[in-house]
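Asker:
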Amino acid sequence: MAPPPWLHLYLKRSSTKSPLSSLLFVRSSSSSSNESISSQSRPIAGTEIRGGGRGVREEVRFYCDTSLTLSNLFHSTTHHHHPTHSSIGFRGLSSISSSGGCDDEIESECDDNDEDDDRASDEIGVSCIVDSSTNPEEVERICKVIDELFALDRNMEAVLDEMNVSLSHDLIVEVLERFKHARKPAFRFFCWAGERPAGFAHDSRTYNSMMTILAKTRQFETMVSLLEEMGAKELLTMETFTIAIKAFAAAKERKKAVGIFELMKKYKFKIGVETINCLLDSLGRAKLGKEAQVLFDRLKERFTPNLMTYTVLLNGWCRVKNLMEAARIWNGMIDQGLKPDVVAHNVMLEGLLRSRKRSDAIKLFHVMKAKGPSPDVRSYTIMIRDFCKQSSMEAAVEYFDDMVDSGLQPDAAVYTCLITGFGTQRKLDTVYELLKEMQEKGHPPDGKTYNALIKLMASRKMPEQAARIYNKMIQNGIEPSIHTFNMMMKSYFMARNYEMGRAVWEEMVKKGICPDDNSYTVLIRGLIGEGKSREACRYLEEMLDKGMKTPLIDYNKFAADFHRGGQPDIFEELAQRAKFSGKFAASEIFARWAQMTRRRFKQRFTED
Numbered sequence: 001m002a003p004p005p006w007l008h009l010y011l012k013r014s015s016t017k018s019p020l021s022s023l024l025f026v027r028s029s030s031s032s033s034n035e036s037i038s039s040q041s042r043p044i045a046g047t048e049i050r051g052g053g054r055g056v057r058e059e060v061r062f063y064c065d066t067s068l069t070l071s072n073l074f075h076s077t078t079h080h081h082h083p084t085h086s087s088i089g090f091r092g093l094s095s096i097s098s099s100g101g102c103d104d105e106i107e108s109e110c111d112d113n114d115e116d117d118d119r120a121s122d123e124i125g126v127s128c129i130v131d132s133s134t135n136p137e138e139v140e141r142i143c144k145v146i147d148e149l150f151a152l153d154r155n156m157e158a159v160l161d162e163m164n165v166s167l168s169h170d171l172i173v174e175v176l177e178r179f180k181h182a183r184k185p186a187f188r189f190f191c192w193a194g195e196r197p198a199g200f201a202h203d204s205r206t207y208n209s210m211m212t213i214l215a216k217t218r219q220f221e222t223m224v225s226l227l228e229e230m231g232a233k234e235l236l237t238m239e240t241f242t243i244a245i246k247a248f249a250a251a252k253e254r255k256k257a258v259g260i261f262e263l264m265k266k267y268k269f270k271i272g273v274e275t276i277n278c279l280l281d282s283l284g285r286a287k288l289g290k291e292a293q294v295l296f297d298r299l300k301e302r303f304t305p306n307l308m309t310y311t312v313l314l315n316g317w318c319r320v321k322n323l324m325e326a327a328r329i330w331n332g333m334i335d336q337g338l339k340p341d342v343v344a345h346n347v348m349l350e351g352l353l354r355s356r357k358r359s360d361a362i363k364l365f366h367v368m369k370a371k372g373p374s375p376d377v378r379s380y381t382i383m384i385r386d387f388c389k390q391s392s393m394e395a396a397v398e399y400f401d402d403m404v405d406s407g408l409q410p411d412a413a414v415y416t417c418l419i420t421g422f423g424t425q426r427k428l429d430t431v432y433e434l435l436k437e438m439q440e441k442g443h444p445p446d447g448k449t450y451n452a453l454i455k456l457m458a459s460r461k462m463p464e465q466a467a468r469i470y471n472k473m474i475q476n477g478i479e480p481s482i483h484t485f486n487m488m489m490k491s492y493f494m495a496r497n498y499e500m501g502r503a504v505w506e507e508m509v510k511k512g513i514c515p516d517d518n519s520y521t522v523l524i525r526g527l528i529g530e531g532k533s534r535e536a537c538r539y540l541e542e543m544l545d546k547g548m549k550t551p552l553i554d555y556n557k558f559a560a561d562f563h564r565g566g567q568p569d570i571f572e573e574l575a576q577r578a579k580f581s582g583k584f585a586a587s588e589i590f591a592r593w594a595q596m597t598r599r600r601f602k603q604r605f606t607e608d
């Protein structure tokens with residue numbers, strides 16, 4: 001297959017250049033060779049390659065007392081794909097229910113530095129959105145009432161009573177989705193709906209929607225109470241326990257996550273390999289690889305670990321950059337008669353790159369090409385992403401070219417990595433050629449591609465270009481995410497175009513997207529920078545009312561503006577408001593700032 005034409009804009013491949021697969025590859029003995037493989041183990045650097053004679057497969061093993069050096073790792077197990085496993089795309093690990101795994105993905109993103117916390121939060125819940133026949137105008141009407149009145153005592157519920165809303169489960173789920181970052185108004189609406197006199201009762205889906213909101217905001221006491229309420233009504237599902245397990249794991253509450261097992265037993269739910277794998281995976285994602293291992297060692301006699309079990313443990317250790325333990329898991333996998341598949345190899349590739357062992361990752365990649373399992377699109381994307389992050393665009397292009405030559409079809413995610421890499425190097429002509437190439441090859445830009453472009457323009461302080469990309473995104477029928485609006489809003493505020501920054505906020509609210517902590521922080525910072533601290537205070541109070549975290553802003557300028565306006569006690573007022581809202585940590589922060597402000601202004605008055 002000929003290389004894509006856009007590649008020649010950046011470099012030309014030499015006709016005499018060796019293909020990637022020939023690099024770092026040493027021919028191994030086969031059944032037809034005159035040389036047989038020794039029946040004993042042959043240690044090579046940090047690896048051990050075991051053979052059993054002519055025609056016997058070889059196995060890659062890692063020494064656990066090394067830093068997982070792969071300098072001489074040139075042989076690998078002849079791999080046979082497991083038919084029970086779905087193929088893996090760039091977005092991560094597919095649901096593998098037949099072999100026991102979580103329904104989530106082991107993710108790999110091109111530009112994940114800014115959204116890690118948000119993504120970790122998003123992973124907690126399960127999607128409760130389905131095709132709905134709910135009237136959008138009815139949803140909008142209810143949300144407007146909640147938004148305007150939730151801060152008042154009982155007015156919100158009284159107005160909702162007078163609206164004669166025809167409640168349905170779809171309606172509840174859609175309204176909760178609109179307030180998924182604002183747990184206080186969401187919970188008040190949920191409770192109001194559940195207390196209707198007759199004709200409506202929450203089902204598992206509406207409960208799980210509310211559980212997800214409480215889990216993301218770490219309202220664990222309320223979350224567990226809701227879970228037990230579901231148990232009393234016989235509405236518990238496996239998704240309910242999954243939400244709780246992931247929430248506790250994300251908060252690094254290992255004991256509480258394990259405690260969910262006891263609740264499962266209490267309500268007669270079977271604890272199988274799928275559930276254990278999900279818990280181990282959740283702990284690993286929360287960078288609790290050690291805790292996941294301890295739990296596995298405690299439970300391994302009670303269930304039969306499968307390939308997914310070892311893969312999530314491997315991922316847990318790789319996330320905390322402990323390659324020695326990762327090597328031990330890899331070898332344990334083989335000892336149990338399980339052959340590491342492409343998913344496990346991809347996890348190891350990411351672990352090596354995360355630990356800055358790129359040369360070892362490259363060698364492992366070539367082992368995959370030579371001996372299997374053959375790299376898939378995600379394998380290439382992992383490598384290309386790393387090269388792009390290191391601004392090694394020549395290598396990134398070479399791997400892309402090799403992927404196409406191997407018969408694999410690049411998807412939007414691979415192109416997004418390249419767009420990010422070339423964009424960072426300010427090669428916008430190549431970026432535009434890439435976008436054209438995506439369309440021609442039938443892989444049009446997706447939401448992440450557009451977000452990468454918007455971030456690129458925002459970082460270059462080109463908000464008008466970011467706005468054009470946003471409009472193109474809408475024209476192509478792709479819904480912007482909360483990250484899209486946050487980046488655009490920040491871009492305008494950085495360019496000191498405060499009017500457009502606020503316009504982005506209004507557009508976000510108009511589209512029914514619930515502002516998150518970052519949205520409020522960007523807006524409040526922008527308003528303070530504009531000298532509109534009083535308006536910023538209104539949004540700060542709104543955050544506290546909704547039960548959100550206290551934003552990181554310039555409190556010195558904030559206090560100075562109010563002091564000049566004759567309101568020096570603003571932090572004391574905010575401290576009381578936060579305390580009343582149950583945000584005791586925020587209350588302490590504001591009280592501390594109040595004390596510092598009084599001391600500062602007293603000192604300034606004395607000097608004058």
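The opening position of the sequence shown corresponds to residue 1 in full-length UniProt numbering, with each subsequent residue numbered one higher. Note that CB positions come from ideal geometry on N, CA and C, so glycine has one too. Here the structure is a predicted model, which is why all the values come from computation and not from measurement.
Any chance the region 444-454 sits against the region 477-486, with 3 or more Cβ pairs inside 8 Å?
Answerer: yes
Asker: Where does the unbroken alpha helix (DSSP H) through residue 388 begin, and where does it stop?
Answerer: Residue numbering aside, residue 388 sits at position 388 when the sequence shown is read from its first letter. Per DSSP, residue 388 belongs to the alpha helix (DSSP H) from 377-389.
Asker: Under 8 Å: do the region 220-227 and the region 194-206 share three or more Cβ pairs, one atom per stretch?
Answerer: no
Asker: Got a sec, what are the start and stop residues for the alpha helix (DSSP H) residue 535 sits in?
Answerer: Start at 1 with the first residue of the sequence shown, and residue 535 comes out as number 535. First-last of the alpha helix (DSSP H) with residue 535: 533-546.
Asker: Is there contact between the region 399-407 and the region 430-439, where contact requires at least three CB pairs shorter than 8 Å?
Answerer: As far as the Cβ criterion goes, the region 399-407 does not touch the region 430-439, which means the pair count is below three.
Asker: With distance defined between alpha-carbon atoms, name the residue in 442, 416, 443 and 444 nearest to residue 431.
Answerer: Along the sequence shown, read from residue 1 onward, the residue named residue 431 stands at position 431. For the residues 442, 416, 443 and 444, the minimum Cα distance to residue 431 belongs to 416.
Asker: Could you tell me the distance, in whole angstroms, from the CA atom of residue 169 to the CA atom of residue 227?
Answerer: What you label residue 169 is simply residue 169 of the sequence shown in a count that begins at 1. What you label residue 227 is simply residue 227 of the sequence shown in a count that begins at 1. Roughly 18 Å between the two C-alpha positions.
Asker: Measure the Cβ-Cβ separation of residue 181 and residue 206 and say whether it is below 9 Å.
Answerer: Start at 1 with the first residue of the sequence shown, and residue 181 comes out as number 181. Start at 1 with the first residue of the sequence shown, and residue 206 comes out as number 206. No.
Asker: Within 8 Å, do at least three Cβ pairs link the region 277-288 to the region 323-336?
Answerer: no
Asker: Considering residue 198, what are the terminal residues of the alpha helix (DSSP H) in which it resides?
Answerer: Here residue 198 is taken as the residue at index 198 of the sequence shown, counted from 1. Note, residue 198: premise wrong, no alpha helix (DSSP H); not H, not E.
Asker: By Cβ distance, which residues of its chain are closer than 7 Å to residue 549, with the 5 residues on each side in sequence left out?
Answerer: Residue numbering aside, residue 549 sits at position 549 when the sequence shown is read from its first letter. Excluding residues up to 5 positions away in sequence, 517 lie with their Cβ nearer than 7 Å to the Cβ of residue 549 in the same chain.
Asker: Between residue 336 and residue 476, what straight-line distance do the alpha-carbon atoms span, to the nearest angstrom?
Answerer: Here residue 336 corresponds to residue number 336 of the sequence shown, with the count starting at 1. Here residue 476 corresponds to residue number 476 of the sequence shown, with the count starting at 1. Whole-angstrom Cα-Cα distance: 49 Å.
Asker: Near residue 365, what residues of its chain come up, given a Cβ to Cβ distance below 8 Å and the 5 sequence neighbours on each side ignored?
Answerer: Working through the sequence shown from its first residue, we reach residue 365 at position 365. Answer for residue 365: 349, 375, 379 and 383, listed in chain order.
Asker: Is residue 161 buried or exposed, if buried means 16 or more other CB atoms sit within 10 Å of its CB?
Answerer: To locate residue 161, count along the sequence shown from 1; it is residue 161. Answer is exposed; the Cβ neighbour count stays below 16.
Asker: Quick one: what's got a C-beta closer than 6 Å to residue 97's C-beta in the same chain, skipping five residues either side?
Answerer: Along the sequence shown, one-based indexing puts residue 97 at 97. Unreliable positioning characterises residue 97 in this predicted model, as indicated by a pLDDT of 34, which lies under 50. A coordinate reading is not provided.
Asker: Enumerate in chain order the residues of its own chain whose CB-to-CB distance from residue 316 is below 6 Å, with the five nearest sequence positions on each side excluded.
Answerer: On the sequence shown, residue 316 is found 316 positions in, with the first residue counted as 1. Excluding positions up to five away in sequence, the list reads 284, 289 and 292.
Asker: Do you know whose CA, among 457, 229, 345 and 513, lies nearest residue 488's CA?
Answerer: Stepping through the sequence shown from its first residue, residue 488 is reached at position 488. Closest option to residue 488, Cα to Cα, is 457.
Asker: Classify residue 265 as helix, strand or coil using the three-state DSSP reduction.
Answerer: Mapped onto the sequence shown, residue 265 falls at position 265. Look at residue 265 here: in three-state DSSP terms it is helix.
Asker: Measure how close the beta-carbons of residue 257 and residue 248 come, nearest whole angstrom, since I'm counting them as under 8 Å.
Answerer: Translated into the one-based positions of the sequence shown, residue 257 becomes position 257. Translated into the one-based positions of the sequence shown, residue 248 becomes position 248. Correct: roughly 4 Å between the Cβ atoms.
Asker: Whole angstroms is fine: what's the gap from residue 178's alpha carbon to residue 508's?
Answerer: As a first step, residue 178 must be located in the sequence shown, where it is residue number 178. As a first step, residue 508 must be located in the sequence shown, where it is residue number 508. If I take the Cα positions, the gap works out to 11 Å.
Asker: So, at 7 Å on beta carbons, what are the nonlocal neighbours of residue 255 in its own chain, with the 5 sequence-adjacent residues on each side left out?
Answerer: Residue 255 sits at position 255 when you count from the first residue of the sequence shown. Nothing meets the Cβ criterion.
Asker: For my contact list, residue 156 and residue 172 are in at a C-beta cut-off of 8 Å; report their separation, rounded to the angstrom.
Answerer: For this step, residue 156 is matched to residue 156 along the sequence shown. For this step, residue 172 is matched to residue 172 along the sequence shown. That pair is no contact at about 15 Å.
Asker: Compare the C-alpha of residue 409 against each of 423, 442, 390 and 388 and name the closest.
Answerer: As a working mapping, residue 409 is identified with position 409 in the sequence shown. Just measuring C-alpha positions, the residue of 423, 442, 390 and 388 sitting nearest residue 409 is 442.
Asker: With a cut-off of 8 Å on the beta carbons, I'd call residue 395 and residue 418 a contact; round off their distance for me.
Answerer: Along the sequence shown, read from residue 1 onward, the residue named residue 395 stands at position 395. Along the sequence shown, read from residue 1 onward, the residue named residue 418 stands at position 418. About 12 Å separates the two Cβ atoms, so there is no contact after all.
Asker: What do you get for residue 239, buried or exposed, if any count of 16 or more other CB atoms within 10 angstroms of its CB means buried?
Answerer: Here residue 239 refers to the residue found at position 239 of the sequence shown. Per the 10 Å Cβ criterion, buried.
Asker: In or out: residue 183 buried (at least 16 other Cβ within 10 Å) or exposed?
Answerer: Counted from its first residue, the sequence shown places residue 183 at position 183. The residue is buried, with at least 16 neighbouring Cβ atoms inside 10 Å.
Asker: Tell me whether residue 159 sits in a helix, a strand or coil according to DSSP, three-state version.
Answerer: Taking the sequence shown and counting its residues from 1, the one referred to as residue 159 is at position 159. Here residue 159 sits in helix by DSSP.
Asker: Pick helix, strand or coil for residue 320, following the three-state DSSP scheme.
Answerer: Translated into positions along the sequence shown, residue 320 becomes position 320. In this structure, residue 320 counts as coil in the three-state DSSP scheme.
Asker: Who are the near neighbours of residue 358 in its chain, counting only those whose CB is closer than 7 Å to its CB and skipping five residues on each side?
Answerer: As a first step, residue 358 is located in the sequence shown; it is residue number 358 there, counting from the start. Counting only Cβ-Cβ distances below 7 Å, and skipping sequence neighbours, we find 386.
Asker: Going by DSSP in three states, residue 465 sits in which element: helix, strand or coil?
Answerer: Along the sequence shown, one-based indexing puts residue 465 at 465. Helix.
Asker: Taking all protein chains shown into account, do 16 or more other C-beta atoms lie within 10 angstroms of the C-beta of residue 578, making it buried, or fewer, making it exposed?
Answerer: Residue mapping note: residue 578 aligns to position 578 of the sequence shown, counting from 1. Buried.
Asker: Please classify residue 136 as buried or exposed, where buried requires at least 16 neighbouring CB atoms within 10 angstroms.
Answerer: Counting from one through the sequence shown, the residue named residue 136 turns up at place 136. The residue in question, residue 136, is exposed, as its Cβ has fewer than 16 Cβ neighbours within 10 Å.
Asker: From residue 560 to residue 502, what does the alpha carbon distance come to, in whole angstroms?
Answerer: Reading the sequence shown from its first residue, position 560 is the one you call residue 560. Reading the sequence shown from its first residue, position 502 is the one you call residue 502. Whole-angstrom Cα-Cα distance: 23 Å.
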